[in-house]
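Asker:
In my numbering, the protein residues as written are 648 to 1316.
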């Protein structure tokens, strides 16, 4: 029999879980409401279209015909007029760019924000044919390369059929447009527009305004799409999957399409168990099942309860997505610092308990956070914890399915997330149904204790990650980047786990084979943790200070030479030129001040990160007469006007400009 009398009911736990997820999601969603301050990195807020003469790309939207009868055919055209020398990246659906560029490019996107009631059907978007343009070489091997882009006038068509029962009068549809404008040297910040297009629905026989003056815009439109729309063939959002070079798509319409999608989502859920977020706790659950291996029915029941805990958490996430506006991403939970901290504390207490610190009698509430795998309560809570740990990670197949599900009706959202949860829980259910498979796992004695201790230390490493994530979010002050120091705490704990495994193995057994095997495992655990921390915390060869107006002016006032690198996460050209020029040894050493003359001015390297629109660096960029990036600017002491600035520069130009600024400072003290 399973002992449950002394444990709390599962019902409060389930409601508590759902409440925790909903509350965290609600907090995140507040930033998406009017008056909030949250901005998606690299995207400007939706705004009415303006058409200044100096814009790199002007956007307009119009229809043909301008007026239409109920049940009629209509084409919405989004016109992108590019200034000479400027281009935008083609739509991702066209697959026009090579893979090494497509992963970084900000693709052009056009879509109806939602389907208003006066539109009965929407056809597939017809994209313009890309043409070659000179763009900055992402590899940095040459100044430019020719790649397919949109340039000059590019027109995107959205075919629609008007609903047959629409009353005469004006109707409005909103079109969302986003793109990034670049030339052969720099890129502007990605732009995002929400444009309203008005159509007049008229009585049959009243005639329609065909807009003959706009005929040239609609010449490339393929009219045959309307026959397909009339036959019931609408635009279908195929779900694209790309896993280790294997690319395929699923049409989610119809019963068979949805069943296939749920199957793929379940496969993605199962693969979540192999991610670094979940792996440390799997041996612990196997040990719990092995303790019940002699009682098949009990073992299966514990596995089933854990599986219900996993599924319950994923259904809680689905409930948050369905019920809270603005909560659309699984990993968004960890954008709320206190949620990350709470998870870290929870895991830390469990890890300490598994190491064996809680062998003394403690208050009962402490054991609520150190669930026993051999009870209903403990198995359910362990399933919830396993699912919580998986949320910062994305497994193959699962990410695309979950992203699609967030935009679907509630029933489909719940079904997709339930499939992910079921897939994640399935391996544990299979193991619990076959107790012989886990019966050889050590569950008592020195070996069993060693496994618990090593896994407990690894859980402390996981806890350090979540605690660091939350505490850094609370303490970080922009524009400085978040500290990654907590990764070294994770690495030290991982190394401790590996070292303890090796030490205790040599104490427990005299078998040379077992000693060698677990020594290798311990070295992999410890060495892997240290190597991962070294990679994650590596900021590159230049010791940047992040730009603020105050730091810039103070550095000049102190008699220093200042170099500002204007960059952004969305800027493909910036990454290429930084790697090819600024990270060269001679340039990096100069920027770090290693070549500064003993009695001369110091060199201060500032990075102006323009990833978000509110960044202070945008004001400085405009102040020196520039509109796009990449850009480097060199200033001599006491002068806020750059003596050198360039969008496409060489290592020697940067070194010469710094030397010129030093010389000017000495000549004009």
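Just so it is clear, CB atoms sit at the ideal spot from N, CA and C, and this is done for glycine as well.
In the segment 806-843, which residue ranges form an unbroken beta strand (DSSP E) of at least 3 residues, counting only runs that do not cross its ends?
Answerer: Taking only runs of at least 3 residues, the beta strand (DSSP E) segments lying wholly in the segment 806-843 are 816-826.
Asker: Quick check: what's the CA-CA separation for residue 1301 versus residue 1137?
Answerer: 39 Å
Asker: So is residue 1152 buried or exposed if we call it buried at 16+ other beta carbons inside 10 Å?
Answerer: That one is buried.
Asker: Check each candidate in 1256, 1107, 983, 1030 and name the one with the smallest Cα separation from residue 1126.
Answerer: Closest by C-alpha distance to residue 1126, out of 1256, 1107, 983, 1030, is 1256.
Asker: Rounded to whole angstroms, what is the Cα-Cα separation between residue 1186 and residue 1274?
Answerer: 27 Å
Asker: Which residues mark the beginning and the end of the beta strand (DSSP E) in which residue 1282 is found?
Answerer: 1278-1282
Asker: At the level of alpha carbons, what is the spacing between residue 1009 and residue 1024?
Answerer: Unreliable positioning characterises residue 1009 in this predicted model, as indicated by a pLDDT of 44, which lies under 50. The coordinate reading is nonetheless provided below. If you take the alpha carbons of residue 1009 and residue 1024, they lie about 18 Å apart.
Asker: Can you tell which of 916, 778, 983, 922 has the C-alpha that lies nearest to the C-alpha of residue 954?
Answerer: 916
Asker: Under the DSSP definition of a beta bridge, which residues are partnered with residue 705?
Answerer: Residue 705 pairs with 728.
Asker: Which residues in the same chain as residue 1310 place their Cβ atom closer than 8 Å to its Cβ, once the five residues preceding and following it in sequence are excluded?
Answerer: none
Asker: Take the Cβ of residue 1180 as the centre, count every other Cβ of all protein chains shown within 10 Å, and call the residue buried at 16 or more, exposed below.
Answerer: buried
Asker: On a CA-only basis, which of 897, 803, 819, 752 is nearest residue 809? Give me that one, please.
Answerer: 819
Asker: Could you tell me the alpha carbon to alpha carbon distance between residue 993 and residue 1063, rounded to whole angstroms?
Answerer: Answer to the nearest angstrom: the Cα atoms are 28 Å apart.
Asker: With a floor of 4 residues, list each alpha helix (DSSP H) that falls wholly inside the segment 1207-1252, ordered by position along the chain.
Answerer: 1219-1224, 1232-1238
Asker: Take residue 1276 and list the residues in its own chain whose beta-carbon comes closer than 7 Å to its own, dropping the five residues that flank it on each side.
Answerer: Excluding residues within five positions, the ones whose Cβ falls inside 7 Å are 833, 834, 1213, 1214, 1215, 1218, 1221, 1257.
Asker: Between which two residues does the beta strand (DSSP E) harbouring residue 1189 extend?
Answerer: Residue 1189 -> no beta strand (DSSP E), and no H or E assigned at all.
Asker: Could you tell me whether the segment 1196-1212 touches the segment 1279-1296, where touching means 3 or more Cβ pairs closer than 8 Å?
Answerer: yes
Asker: Mapping DSSP to helix, strand and coil, what is residue 1122?
Answerer: helix
Asker: Quick one: grab the DSSP three-state call for residue 772.
Answerer: coil
Asker: Specify the secondary structure class of residue 871 as computed by DSSP and reduced to three states.
Answerer: coil
Asker: Which residue's Cα is closest to the Cα of residue 755: 803, 716, 763, 779?
Answerer: 803
Asker: What does the Cβ neighbour count give for residue 1196, buried or exposed, with the cut at 16 atoms within 10 Å?
Answerer: exposed
Asker: I'd like to know whether the C-beta atoms of residue 797 and residue 727 end up nearer to each other than 9 Å.
Answerer: yes
Asker: So, with DSSP's three-state summary, where would you put residue 920?
Answerer: helix
Asker: Is the segment 950-967 in contact with the segment 1066-1082, if contact means three or more CB pairs nearer than 8 Å?
Answerer: yes
Asker: Find the nearest neighbour of residue 1226 within the set 1295, 1249, 1247, 1178, judged by alpha-carbon distance.
Answerer: 1295
Asker: Please list the terminal residues of the continuous beta strand (DSSP E) segment that includes residue 1291.
Answerer: 1291-1293
Asker: DSSP three-state call for residue 794: helix, strand or coil?
Answerer: strand
Asker: Considering only residues of the same chain and omitting the five flanking positions on each side of residue 865, which have a CB-CB separation below 7 Å?
Answerer: The beta carbon of residue 865 lies closer than 7 Å to those of 711, 722, 724 in the same chain, with the five residues before and after it left out.
Asker: Excluding the five sequence neighbours on either side, which residues of its own chain have a C-beta within less than 6 Å of the C-beta of residue 1249, listed in chain order?
Answerer: 1207, 1240, 1243
Asker: Per DSSP, what kind of secondary structure is residue 759 in: helix, strand or coil?
Answerer: Reduced to three states, the DSSP call for residue 759 is strand.
Asker: Report the residue from 812, 1303, 1199 whose alpha carbon sits nearest the alpha carbon of residue 1267.
Answerer: Taking the Cα of residue 1267 as reference, the smallest distance to any Cα among 812, 1303, 1199 is reached at 1199.
Asker: In whole angstroms, what separates the C-alpha of residue 1156 from that of residue 1117?
Answerer: 41 Å
Asker: So, with DSSP's three-state summary, where would you put residue 1130?
Answerer: coil
Asker: Cα-Cα, which of 923, 1129, 794, 1114 is closest to residue 742?
Answerer: Nearest C-alpha to residue 742: 794.
Asker: Starting from the C-beta of residue 1297, find all residues in its chain whose C-beta is less than 8 Å away, skip the five residues before and the five after it, and write them out in chain order.
Answerer: 1228
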